[in-house]
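A short write-up of the structure that comes next.
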Amino acid sequence: MRVCWSAGGRLSVPVRALARSGRGVPVDRVLTLVAVTVYLDHAATTPVRPEVAARYAQELTRVGNPSSLHSAGRDARRRLEEAREQLAAAVGAEPAEVIFTSGGTEADNLALKGGYWARRTADAALRTVAVSSVEHHAVLEAAEWLGTHESADVRRLRVGGDGVLDLAHAEEVLGRGGVAVVSVMWVNNETGAVQPVREVAALAHAAGVPVHSDAVQAVGHVPVDFAGSGLDAMSLSGHKLGAPVGTGALVARRSFGLEPVEHGGGQERGVRSGTLAVAGACALALAVESAVAEQAAEATRLRRLRDRLVAAVVATLDGVTLTGPAIDVPGGDDARRHPGIAHLTVEGADADALLLGLDMAGIAASSGSACHAGVQEASHVLLAMGRDAERARSALRFSLGRTTTDADVDAVVSALPAVVENARRAHATRRSSRAASSGRTGGGHTPLASAGSSGGQV
Ligand SMILES: Cc1ncc(COP(=O)(O)O)c(C=O)c1O
Numbered sequence: 001m002r003v004c005w006s007a008g009g010r011l012s013v014p015v016r017a018l019a020r021s022g023r024g025v026p027v028d029r030v031l032t033l034v035a036v037t038v039y040l041d042h043a044a045t046t047p048v049r050p051e052v053a054a055r056y057a058q059e060l061t062r063v064g065n066p067s068s069l070h071s072a073g074r075d076a077r078r079r080l081e082e083a084r085e086q087l088a089a090a091v092g093a094e095p096a097e098v099i100f101t102s103g104g105t106e107a108d109n110l111a112l113k114g115g116y117w118a119r120r121t122a123d124a125a126l127r128t129v130a131v132s133s134v135e136h137h138a139v140l141e142a143a144e145w146l147g148t149h150e151s152a153d154v155r156r157l158r159v160g161g162d163g164v165l166d167l168a169h170a171e172e173v174l175g176r177g178g179v180a181v182v183s184v185m186w187v188n189n190e191t192g193a194v195q196p197v198r199e200v201a202a203l204a205h206a207a208g209v210p211v212h213s214d215a216v217q218a219v220g221h222v223p224v225d226f227a228g229s230g231l232d233a234m235s236l237s238g239h240k241l242g243a244p245v246g247t248g249a250l251v252a253r254r255s256f257g258l259e260p261v262e263h264g265g266g267q268e269r270g271v272r273s274g275t276l277a278v279a280g281a282c283a284l285a286l287a288v289e290s291a292v293a294e295q296a297a298e299a300t301r302l303r304r305l306r307d308r309l310v311a312a313v314v315a316t317l318d319g320v321t322l323t324g325p326a327i328d329v330p331g332g333d334d335a336r337r338h339p340g341i342a343h344l345t346v347e348g349a350d351a352d353a354l355l356l357g358l359d360m361a362g363i364a365a366s367s368g369s370a371c372h373a374g375v376q377e378a379s380h381v382l383l384a385m386g387r388d389a390e391r392a393r394s395a396l397r398f399s400l401g402r403t404t405t406d407a408d409v410d411a412v413v414s415a416l417p418a419v420v421e422n423a424r425r426a427h428a429t430r431r432s433s434r435a436a437s438s439g440r441t442g443g444g445h446t447p448l449a450s451a452g453s454s455g456g457q458v
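In this text, residue positions in the sequence shown follow the UniProt record's numbering: the first is 1, and each later residue adds one.
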């Protein structure tokens, strides 16, 4: 089945209709149904940009391994290096600092594990890995793995009730010494909170510690200048900004020591092996360049849509509040937010029921946190912000993007009251049946998806 995007972000789903004529002759027709899907999950993945799809398709018709010496190989190498320059220029880095990866997860693992091993090899006393407590699992699990398998001492850096890093705690941890590497994400994928990465870099450098940032939700959404940030390394992912899934990069200063995580031909700076994906690199570089070029104007457009959505929902629904740094209120700091992420807490409702209800209304949204075997987990981000487990399961994330329009916001505003009412009713029923069968524990959450769904944080 072909699924394509129409202007305005609606899914156009051509379906093969196997109709039969009156005389029983099969008529194989292709009908185009325009489903009323409103896609507001751009932080999970966003459509490939048309110019990027065209560039990618063009590259797929070419042959040549950039490591080969013949002219096809040399030509592939030239295109790859041009992509490296294009990407570097867009994010304020040097071409030699770009290490192409398969995405954000790989880049995060390389930075955390590779950075830790390089530092510990240089000085066996450097065993602490400091990460913010609201990191994506790609960073958290990499750090925890180092704790379990490499005797690392993992320190989680605290955040405040708004999800923004507690700099005093970071300073305290860095001041204790023995820190191999520190990692603080640029923008949180659930709440949209922008972290003070420049301040963290300054603190880390004062303590002689290299600093990495997961900038997967930042590049193309907020201004990102690698050189000006003071960071030693940052991760980015193609499918969050209009390139295909499976593309990404770790941007790392030459001075940031890295040991390889996987071993092979050592194609990328000797630290990342595997035949170089020229088509993916070209698509990624173009997507980053386009997204960065449009970032300021797009942020202004999305902020207006996001603020309209939040204002309308909060005004009409009791017990629905915006999570994270305030917007458009006295003292609110909009520079501390991703322009397209609206993260709401819906008192007395479970995320899975809300998402299912929205889906039935043709609206794709997310809770932003992991879902395992179809059951919504309490978000570790919200728990770190001081929420109790129940409120940490009441999250609803609308993430707006390039295809989002006013009509999408209107659709949410009109559908949400009924969805919330139903979800609250289901929650109350579940609570009372749990209370009635006191003693029995576990369960109680409606599976979000059918059997066979797997976990994953978006
Ligand atoms: C903040 C953050 N980091 C890392 C990742 C993982 O990136 P990828 O899907 O490219 O592996 C994601 C994806 O959801 C993310 O939001």
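Ideal placement from N, C-alpha and C gives every residue a C-beta, glycine not left out.
Practice task
May I ask which residues mark the beginning and end of the alpha helix (DSSP H) holding ASP352?
Solution key: 351-360
Problem - Bridge partners - PHE398, DSSP secondary structure assignment - result: ALA342
Handout entry: Buried or exposed (CB count within 10 angstroms, at least 16 for buried), GLY242
Key = buried
Problem - Touch test, the region 210-217 against the region 132-145, Cβ-Cβ under 8 Å, three pairs minimum - result: yes
Exercise for the section: Using the Cα positions of ALA312 and VAL413, report the straight-line distance between them to the nearest angstrom. Expected result: 7 Å
Practice task
Consult DSSP for ASP214 and reduce its assignment to one of helix, strand or coil.
Solution key: strand
Practice task
With a threshold of 8 Å, establish whether the CB of ASP214 neighbours any heavy atom of ligand 1.
Solution key: yes
Practice task
Could you pull the start and end residues of the beta strand (DSSP E) that PHE100 belongs to?
Solution key: 98-101
Handout entry: First through last residue of the beta strand (DSSP E) which encompasses SER237
Key = 233-237
Problem - Spatial neighbours of ARG127 in its chain, beta-carbon cut-off 7 Å, leaving aside the 5 residues before and after - result: ARG120, SER151, ALA152, ASP153, GLY178, ALA180
Exercise for the section: Tell me, please, whether the region 102-119 touches the region 249-267 by the rule of three or more beta-carbon pairs shorter than 8 Å. Expected result: yes
Practice task
Please classify VAL251: does DSSP put it in a helix, a strand, or coil?
Solution key: strand
Handout entry: the region 65-76 touching the region 383-397, judged by at least three CB pairs closer than 8 Å
Key = no
Practice task
Just tell me which of LEU165, ILE99, ARG74 has its CA closest to the CA of LEU284.
Solution key: ILE99
Problem - Residue environment, LEU33, which counts as buried when at least 16 other CB atoms sit within 10 Å - result: Confidence in LEU33 is poor, its pLDDT being 37 and thus under 50, which makes the residue's placement unreliable; the coordinate value appears in the next sentence. LEU33 comes out exposed.
Problem - Nearest neighbour of ALA170, chosen from LEU146, VAL271, ALA124, SER132 [CA to CA] - result: SER132
Exercise for the section: Below 7 Å CB to CB, which residues in the same chain sit around THR105 once its five sequence neighbours on both sides are set aside? Expected result: ALA138
Exercise for the section: Quick one: grab the DSSP three-state call for GLU199. Expected result: helix
Exercise for the section: State the start and end residues of the unbroken alpha helix (DSSP H) segment that holds ASP153. Expected result: Element bounds for ASP153: not the alpha helix (DSSP H) but the beta strand (DSSP E), 153-157.
Problem - Per-residue DSSP class, three states only, for THR128 - result: strand
Problem - For HIS343 and ARG387, the rounded distance between their alpha carbons - result: 14 Å
Handout entry: DSSP state of ARG49 mapped onto helix, strand, coil
Key = coil
Handout entry: Cβ-heavy atom distance, ASN189 to ligand 1, below 8 Å
Key = yes
Exercise for the section: Report back the beta-carbon spacing between ALA201 and LEU231 to the nearest angstrom; my notes put them in contact at under 8 Å. Expected result: 5 Å
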